[in-house]
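Position one of the sequence shown corresponds to residue 17 (the working numbering), numbered consecutively onward. No residue lacks a Cβ here, since even glycine has one placed at the ideal position from N, Cα and C.
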Amino acid sequence: MLPWRRNVILCVLACLVGLGTAQKQANISQTTTPYATTCKFIAIGSPDGTGIADGSITCTGPGTPVQLSVSQDLQRFSAKFGGVTVSAAAPNSAAILEISDTLNVAFVDSQVIGVPGNINILNSTVQILRANFTANSGGTAGAIFIDSSQVIIDSSYFANNTGAAGAAVQVQGPSSVGISNTKFLGNVNANSQGGAVAVAPGALVQVVSSEFTANSASRGGAIYTSASSLSIVNSQFMQNSARTTGGAAYTADASAVTMLNSTFTGNTAGALGGAVASDSTQSTIGGCIFSNNNAQSQGGAVYLSNTTGDVTTCTFSGNTAANGGALYQNLAQSNIIRTAFTGNSASQKGGALFGTTSTGNIMNSTFTSNKAAQSGGAVFQNDCASSISFSIFSNNDGGSGGGGGVYRNACKGFAINCSFIGNTSAQGGAMYQNNCISNNIRATVFDKNKAQQGSTLFLNNSVPVINGSLFDGSSNAGSSIYQNSQDATSTGS
């Protein structure tokens, strides 16, 4: 361990005023400091990256002096400290500054740049406002480590930090952390999870009106959560990457996740979930835009496995993957409601959606100009219980396989009040059913679909009841249905 890692304590005991540790979850994303006591912390790393070249700590207000701990390297600049005294104790060896058992202190306009160490916040209530953390490196978190604390991070900037767990911020439970109006740029966790933020079990994190750009990690290019609670609102995720799973975010192990009115653009994953991957979670995704994300294997934008929760009022466009160009569902219980899929593609199956061994319905949604090379130009479903209603499938392409609009294998569920227009595939221009039962079709319009076999439907060991539907303007399906077993039952309008 370097000599500067030997630590001393700067302690000043005072009665601190403020909100207290019982601050409610609804208030953890405030934009102005409620604290009477404010501190400004400056730490500038040495050119060789092994120590601190300059530093200062100044605290003002009725709550001063504030109890802090610093590394010995930082202590060399004690002439620039205000309201602190030295005591005997040692913070975490990776920390240059430790805030422990401290209530209601705001750090305002602080700068930590190029420092080989991080800030530890332990059992404290702290706000960090207008801070700049750039090019720092820590043993765990690159910039800030939070444990058993309530922390607000607002209007701050984290860039090019590196760490082993959360390259910018690591949160341990039980903690409540609000992040708002903050930018995370180019933070890197090369061998673990959470390129910008990593959230451990038992913690709660809210992200509001923030930006995550070009962060990277093995899993969760921007954010990783495990058995914790995560809320993302009105935020942007751009060009983040994961070596394996969750280009922008990876949530796992019974996490509760809400993503609302946020944008995910150009994120990539080496395997699953170009933008978002959720495994064994309760996930709600609403009002989000997913565009031009890519996963090498499954779920170009979103991958859901062992997950419950709906996708509502979202837009998916230009996303790509081998299977499930936009969305992949595995053992999921998830409805898709009022959502638009446009121009997504899969090099294998499910240009927009791939679902396997999943339940959940598709309602009031549109699928336009999606493409799969092998089957399911818009939707590919295997061993699913799913109905499709009040939805439109237009100009989708199922490639050399089946189902320009929808391919279903061993599935249950009906299609009602839908439109299939201008879809193409080698077999079943609009829909392909294989070994399906109770896949009845009602009040649905089929028009100008094309295929080598079954311009409208290709049925293999499937016998749907079709009624109240139109086939190129006629109630008589005629030769537009290719039947490879018993006859389908079709009745007119």
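Roughly how many whole angstroms lie between the Cα atoms of residue i and residue j?
i, j, result
"residue 175", "residue 55", "22 Å"
"residue 390", "residue 66", "55 Å"
"residue 329", "residue 250", "14 Å"
"residue 347", "residue 264", "22 Å"
"residue 490", "residue 434", "16 Å"
"residue 423", "residue 393", "8 Å"
"residue 486", "residue 465", "12 Å"
"residue 497", "residue 367", "23 Å"
"residue 492", "residue 484", "10 Å"
"residue 448", "residue 147", "56 Å"
"residue 414", "residue 382", "16 Å"
"residue 467", "residue 315", "27 Å"
"residue 419", "residue 473", "8 Å"
"residue 167", "residue 210", "18 Å"
"residue 295", "residue 376", "17 Å"
"residue 227", "residue 150", "16 Å"
"residue 197", "residue 173", "9 Å"
"residue 126", "residue 280", "30 Å"
"residue 225", "residue 322", "29 Å"
"residue 97", "residue 248", "37 Å"
"residue 204", "residue 488", "55 Å"
"residue 331", "residue 91", "53 Å"
"residue 72", "residue 145", "17 Å"
"residue 363", "residue 85", "55 Å"
"residue 340", "residue 138", "43 Å"
"residue 189", "residue 267", "15 Å"
"residue 271", "residue 244", "5 Å"
Should residue i go down as buried or exposed, given a rule of 16 or more other Cβ atoms within 10 Å for buried?
i, result
"residue 442", "buried"
"residue 387", "buried"
"residue 132", "buried"
"residue 291", "buried"
"residue 257", "buried"
"residue 95", "exposed"
"residue 206", "exposed"
"residue 232", "buried"
"residue 480", "buried"
"residue 283", "buried"
"residue 470", "buried"
"residue 269", "exposed"
"residue 438", "buried"
"residue 416", "exposed"
"residue 117", "exposed"
"residue 494", "exposed"
Can you look up residue i in the DSSP assignment and give me helix, strand or coil?
i, result
"residue 52", "coil"
"residue 428", "strand"
"residue 246", "strand"
"residue 255", "coil"
"residue 172", "coil"
"residue 7", "Any answer about residue 7 is impossible in this case: the structure gives the chain only from 17 up to 509."
"residue 495", "helix"
"residue 94", "helix"
"residue 222", "strand"
"residue 88", "helix"
"residue 40", "Confidence at residue 40 is low in this model, with a pLDDT of 34, below 50, so its placement is unreliable and no value can be given for it."
"residue 106", "No answer about residue 106 holds up, because its pLDDT of 48 lies below 50 and its placement is not dependable."
"residue 120", "coil"
"residue 75", "strand"
"residue 453", "coil"
"residue 438", "coil"
"residue 59", "strand"
"residue 347", "coil"
"residue 125", "coil"
"residue 329", "coil"
"residue 70", "strand"
"residue 354", "coil"
"residue 371", "strand"
"residue 46", "Only weak support is given to the placement of residue 46: the predicted model assigns it a pLDDT of 40, under 50, and the value that follows is read from those uncertain coordinates. Residue 46 falls in the coil class under three-state DSSP."
"residue 464", "coil"
"residue 418", "strand"
How many whole angstroms separate the CB atoms of residue i and residue j, which I take to be in contact at a CB cut-off of 8 Å?
i, j, result
"residue 230", "residue 201", "6 Å"
"residue 306", "residue 338", "Residue 306 to residue 338, Cβ: 17 Å. No contact."
"residue 320", "residue 345", "5 Å"
"residue 273", "residue 240", "No, residue 273 and residue 240 are not in contact; Cβ-Cβ is about 12 Å, not under 8 Å."
"residue 358", "residue 385", "6 Å"
"residue 450", "residue 412", "Incorrect: roughly 18 Å between the Cβ atoms, too far for contact."
"residue 334", "residue 308", "4 Å"
"residue 74", "residue 120", "Between residue 120 and residue 74 the Cβ distance is about 17 Å, and since that is not below 8 Å, they are no contact."
Let me check you understand the geometry: is the CB of residue i closer than 7 Å to at least one non-hydrogen atom of the ligand PLP?
i, result
"residue 435", "Looking at this structure, you won't find the ligand PLP or any other ligand, since it has none at all."
* Along the chain, which unbroken stretches of the beta strand (DSSP E) at least 3 residues long are found entirely within the stretch 267-308? -> Here the runs fully enclosed are 272-276, 279-281, 292-295, 298-302 and 305-307.
* Pick out the complete beta strand (DSSP E) segments inside the stretch 140-214, 3 residues or longer, and give them in chain order. => List check, beta strand (DSSP E) in window: 141-145, 148-150, 160-163, 166-170, 173-175, 185-188, 192-196, 199-201 and 204-209.
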